[in-house]
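Student: Sharing a structure below in structure tokens format, with a few things to ask.
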Amino acid sequence: MTKLISRRLLLGGMSSLVAFGAQAEAPLTSPRPAPRTPLQAATAVRAAIADADQLMEAAQLGGKVGFAVANARTGQVLEAHNPLLKMPPASVAKAVTAVYGLETLGGGYRFRTQLIATGPVVGGEIKGDLVLAGGGDPVMDTDDLADLAARLKAAGVTAVSGKFKVYAGALPYHRVIDRSQPDHLGYNPAVSGLNLNFNRVYFQWKRGASGYDVTMDARSEKYRPQVAIARMRVVDREAPVYTYRQDGNIDNWTVARGALGKEGSRWLPVRRPDLYAAEVFQSFARAQGIRLKTAVPVRSMPGGTVVAALDSAELKTITRLMLKYSTNLTAEVIGLTASTARGRSPKSLEASARAMNSWMKQTLGTKHAKLVDHSGLNDRSRLSASDMIKVLVRTGSTGQLHGLMKEVVPLDAAGDRNPNAGYSIQAKTGSLNFVSSLAGYIQPNTGSPLVFTIFTGDLKRRAGISRDDRERPEGARGWARRSRRLQHQLISRWAAKYGSAP
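The sequence shown begins at 0 in numbering that gives the first Met the number 0 and counts up by one.
The following block contains the structure:
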């Protein structure tokens, strides 16, 4: 059952029931009703609001639901259902990571990618090695590497006598974010101290007269350099659609001919992003007249002189984009960088997440958080609605996180967009197969701002999905649609019941 904590509103509802019950017979004359006070009008509206238990029953989600809503200013919990239930937060975890990163590193933090010369530059030639050294930048793209190559040329470098080395040890390397995901999903790439294009390669195909023309490139807004580190072969089969094998440093893919159709494209994950970035940079250096040898990865940062560098956008901007587009790589990099800055030197995503859990407990007063990554992709992560409410209250309805969250358009009872709902929502969504979450801020047009968290999940049904079916399991889309409708019905209820001015 749903626990309603607002005693004042409960008593107001009871008084209205008593008033209706006392009028057993109609009077002989009907006097003009006295104008209602604002409090009476608000009470009448609240009496007509849908019951939360009825909404949950009608959603037919199976599994479990946990939610809480609170006054954003005072933190007083107004209504809750299973608030201590620990559920997979999915991408709502990114909101926690955003706070962790911003409070640790500061909104003005920038990731730096450097070119280091290990010897002097004599007559335009580096008498030593050139090192491409990553600083973890999670949003660096191909255009940025082209810019970096141009900066190298502008610094007066025209040749390198030694090796071309690549360093990605600023952050620990992870081949994937979540090992349980299918190989071909672009949102589950490697994590490294040197990242490019969210560690994805662009696969494009088009049927020709003698088969399919296939390209694998590192495309960006301006450029489309083809790469050799990822290769694709079309084979005659119906299933599986994709197979993957890593041969040395090469990502070897095959795709089923029967799944391609006339033409199409998709992003595929890259497993050695450091060498991917090195290959792309090498092509741009060549375009600047600087020939580099095949990249050699190194484990320790070589000493030398920085001859060119590229800084990312400020962390505040990167965080806003992460929350808007829900990029898993960005979340993992921010979390790892924050944990490293706190002196934890995490060797794994899970170790870094444990550091964040500890920080949440000490700083925000959470009690039940058990996240195993920073993005929420791993379904072993657990977070309660009660703890997420503490995160939201701590950051404040006018604080940093609220301003970075994307605006979510309210939905009406039928699930259609309702921009005239009378309130606005700034929130972070989260979705896995048969898991859906939403957490953030409700700002009524008139009345008190609220914070809320809703976790829904049918974990038994999720556990029954085979690994090959995880991209589009049967029934998941309809389930997610019903969950989103329930979430917005609850928000509409709370905005009317707790956010309206008395």
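For every residue, glycine included, the Cβ atom is placed at its ideal position computed from N, Cα and C.
In three-state DSSP terms, what is Glu124?
Tutor: Numbered from 1 along the sequence shown, position 125 holds the residue referred to as residue 124. Glu124: strand per DSSP, three-state reduction.
Student: Just list the residues that DSSP pairs Met215 with in beta bridges.
Tutor: For the purposes of this step, residue 215 is identified with residue 216 of the sequence shown, where counting begins at 1. Answer by DSSP bridge pairing, in chain order: Phe202.
Student: Hey, quick one: how far does the alpha helix (DSSP H) through Asn327 stretch, first residue to last?
Tutor: For the purposes of this step, residue 327 is taken as the residue at position 328 of the sequence shown. Asn327 -> alpha helix (DSSP H) spans 327-340.
Student: Residues in its own chain within less than 7 Å of Leu489 by CB, not counting five upstream and five downstream?
Tutor: Walking along the sequence shown from the start, residue 489 turns up at place 490. Contacts found: Ala51, Leu54, Phe66, Ile453.
Student: Taking its Cβ as the centre, do 16 or more other Cβ atoms sit within 10 Å of Leu114, making it buried, or is it exposed?
Tutor: Walking along the sequence shown from the start, residue 114 turns up at place 115. That one is buried.
Student: Between Arg290 and chain D, is there a C-beta pair that is closer than 8 Å?
Tutor: Chain labels in this structure do not include chain D; a single protein chain is all it has.
Student: Please classify Ser191 as buried or exposed, where buried requires at least 16 other C-beta atoms within 10 Å of its C-beta.
Tutor: Here the question's residue 191 lines up with position 192 in the sequence shown. Buried, because 16 or more other Cβ atoms sit within 10 Å of the Cβ of Ser191.
Student: Is the Cβ-Cβ distance between Ser338 and Pro87 less than 8 Å?
Tutor: Within the sequence shown, the letter at position 339 stands for residue 338. Within the sequence shown, the letter at position 88 stands for residue 87. Result no, Cβ atoms of Ser338 and Pro87 do not sit closer than 8 Å.
Student: Are Arg72 and Ser447 touching if we call contact CB-CB under 8 Å?
Tutor: For the purposes of this step, residue 72 is taken as the residue at position 73 of the sequence shown. For the purposes of this step, residue 447 is taken as the residue at position 448 of the sequence shown. Going by C-beta atoms, Arg72 is nearer than 8 Å to Ser447.
Student: Going along the chain, which unbroken runs of the alpha helix (DSSP H) with 4 or more residues stay wholly within the segment 66-153?
Tutor: You should have 92-104, 141-153.
Student: Is it a yes or a no for the segment 104-121 touching the segment 297-316, going by three-plus beta-carbon pairs under 8 Å?
Tutor: Segments in contact, yes.
Student: Per DSSP, Arg244 forms a beta bridge with which residues?
Tutor: Along the sequence shown, one-based indexing puts residue 244 at 245. Bridge partners of Arg244: Asn251.
Student: Report yes if the C-beta distance between Val424 and Ile441 is below 8 Å; otherwise report no.
Tutor: If you number the sequence shown from 1, residue 424 lands on position 425. If you number the sequence shown from 1, residue 441 lands on position 442. According to the sequence shown, residue 424 is Ile rather than Val. Yes. Within cutoff.
Student: Where do the ends of the beta strand (DSSP E) carrying Asp273 lie?
Tutor: Position 274 of the sequence shown, counting from 1, holds the residue named residue 273. Looking at the DSSP string, Asp273 is not in any beta strand (DSSP E); the run it does join, the alpha helix (DSSP H), is 272-286.
Student: Can you tell me whether Gly288 is buried or exposed? The criterion is at least 16 other CB atoms within 10 Å of its CB, across all chains shown.
Tutor: One-based indexing of the sequence shown puts residue 288 at position 289. Flag for Gly288 reads exposed.
Student: Strictly by DSSP, which residues pair up with Arg265?
Tutor: Looking up residue 265 in the sequence shown gives position 266. Answer is Phe202.
Student: Exposed or buried, Val450, counting other C-beta atoms within 10 Å across all chains shown (16 or more means buried)?
Tutor: Position 451 of the sequence shown holds residue 450. The residue in question, Val450, is buried, as its Cβ has 16 or more Cβ neighbours within 10 Å.
Student: Roughly how many angstroms separate the alpha carbons of Gly263 and Asp212, rounded to a whole number?
Tutor: By one-based count along the sequence shown, residue 263 stands at place 264. By one-based count along the sequence shown, residue 212 stands at place 213. Cα-Cα distance, rounded: 11 Å.
Student: DSSP on Ile228, reduced to helix/strand/coil?
Tutor: Taking the sequence shown and counting its residues from 1, one reaches residue 228 at position 229. Coil.
Student: Between the Cα of Gly429 and the Cα atoms of Lys366, Met215, Val95, Met359, which residue gives the shortest distance?
Tutor: Here residue 429 corresponds to residue number 430 of the sequence shown, with the count starting at 1. When each option's Cα is compared against that of Gly429, the closest is Val95.
Student: Quick check on Asp310: does DSSP put it in helix, strand or coil?
Tutor: To locate residue 310, count along the sequence shown from 1; it is residue 311. If DSSP states are grouped into helix, strand and coil, Asp310 belongs with the strands.
Student: One question on the structure: do Trp478 and Tyr99 come within less than 8 Å of each other, judged by their Cβ atoms?
Tutor: Here residue 478 refers to the residue found at position 479 of the sequence shown. Here residue 99 refers to the residue found at position 100 of the sequence shown. No; because the gap between Cβ atoms is not below 8 Å, this pair is not in contact.
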